[in-house]
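Worksheet: the structure to be examined is printed underneath.
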Amino acid sequence: MINPTYENVHNAFKLNGFHLNREDLCRVAYSFIKEGEDFEKPVGDFLLDWFDGKSYIEMHTSGSTGIPKIIRVDKQAMVNSALATGDFFELHAGNKALHCLPVKYVAGKMMLVRAMILGLDLEFVAPSSHPLRNVDGNFDFAAMVPLQAQNSISELHRIKKLIVGGAKINSALENQLIKLPTQVFETYGMTETISHIAAKSVGEKAFTVLPNVTISYDDQNCLVIHAPRISDDVIETNDVVELVNENQFIFLGRIDNVINSGGIKLLPEQIEEKLAGKIEPRYFISSKEDKELGEKIILVIEGNSFTVDTSIFDELDKYEKPKEILFVPKFKETGNGKIIRKESLS
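First residue of the sequence shown? That's 1 in the UniProt record's numbering, and the numbers climb one at a time after it.
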């Protein structure tokens, strides 16, 4: 397809085995909305929005780092994002792709856009924590959140290239993914960047940006994204990074999670990385007010309380060691499984 636009559908595009053009997709959309399963209705809504003649679409942010909000996204920018993904991961018309994400969020919407624009043969299944359980065959490309990848370890060999996003891949999962024949990539992005703008192979430290994206950082070492084909504005993030070059960066943590304990600035994400594999339930590092230190480090663990062997803290620096352990029955999380730290403590 020459100069793809949001008004066109690639002639190689298939949905669940059927070649569908724009008119076909609108009919499918109405069918999904009127008679479809719960997971199909958002697909119908999105397809009608996509073909409604407007140049933009409205999306909800996830709310993992603040109040969820509705933002307006340019459809052609979504097309450009899909093309950049196709270039970066070397996807071609006719490639078989698995769609197992909720279409309510940007990642699920973008899998549909990539398929329509790049001409992928898309198999769409109900989003679940075990996406390959009731699916036959092999796939050239798929996108999952970490929980789905974790639950599919024994089946992931059926996927040639897998992108994992929505939340960070922890060390224990990364060690499992490295051993697979599948090419697995962790992605970096947000709703404002229309899905991912960078990716790295599991085992690598630095993310590499997609085509037509460059990066810099501000005076707090927070990532600044320049992606003119996706956003007219420079995108300023709250993510503290180490810049390798204008195309690569290492994610260190979020500036709004920084803890100042005794005058030492600490990034919870780096402490959590040191504890990887030592605590079975989900956990995160946070802080509480403290008269002497200003803020003291606390370890927050999901589930019922148990005795924690404090030797797991031996590798932590003096200021990184938790002064208290807190148990929370169930963490609050976004729809894609990302823990909402502040709400989990309230």
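Glycine residues also receive a C-beta, built at the ideal position from the N, C-alpha and C atoms.
Rounded C-alpha distance that separates residue i from residue j
i      : j      : result
Ile255 : Leu267 : 8 Å
Glu324 : Ile297 : 7 Å
Gly277 : Tyr283 : 11 Å
Glu320 : Ser346 : 23 Å
Thr237 : Thr193 : 10 Å
Gln176 : Asp140 : 20 Å
Arg133 : Ala77  : 34 Å
Ile57  : Asp74  : 6 Å
Phe89  : Met111 : 13 Å
Ile285 : Leu91  : 38 Å
Cβ pair residue i, residue j closer than 8 Å
i      : j      : result
Val234 : Val224 : yes
Gln248 : Ala206 : yes
Gly337 : Ala143 : no
Val328 : Ser344 : yes
Leu173 : Gln150 : yes
Leu326 : Val300 : yes
Glu155 : Ile169 : no
Residues sharing a beta bridge with residue i, DSSP
i      : result
Lys330 : DSSP, once it has assigned bridges, lists no residue as partnering Lys330.
Thr187 : Ala199
Leu299 : Ile285, Ile325
Gly294 : Asp290
Ser216 : Val224
Asn8   : Asn8 pairs with nothing; no bridge assigned.
Met116 : None; Met116 has no bridge partner.
Ala97  : Leu122, Phe141
Ile159 : Phe139
Three-state class that DSSP yields for residue i in the structure shown
i      : result
Val28  : helix
Arg282 : coil
Gly253 : strand
Phe46  : helix
Thr307 : coil
Arg72  : strand
Tyr319 : helix
Asp232 : coil
Residue i Cβ short of 7 Å to the ligand FAD heavy atom set
i      : result
Val244 : Among the ligands in the structure shown, none appear at all, so the ligand FAD cannot be discussed.
Contact between the stretch 78–98 and the stretch 112–127: three or more CB pairs below 8 Å? The answer is yes - the stretch 112–127 touches the stretch 78–98, with three or more Cβ pairs under 8 Å.
Touching or not, the stretch 188–200 and the stretch 161–169, by the rule of three or more beta carbon pairs under 8 Å? yes
May I ask you to verify whether the stretch 44–59 touches the stretch 13–29, counting CB pairs closer than 8 Å and requiring at least 3? yes
Using 8 Å as the Cβ pair cut-off and three pairs as the minimum, do the stretch 108–118 and the stretch 83–91 touch? yes
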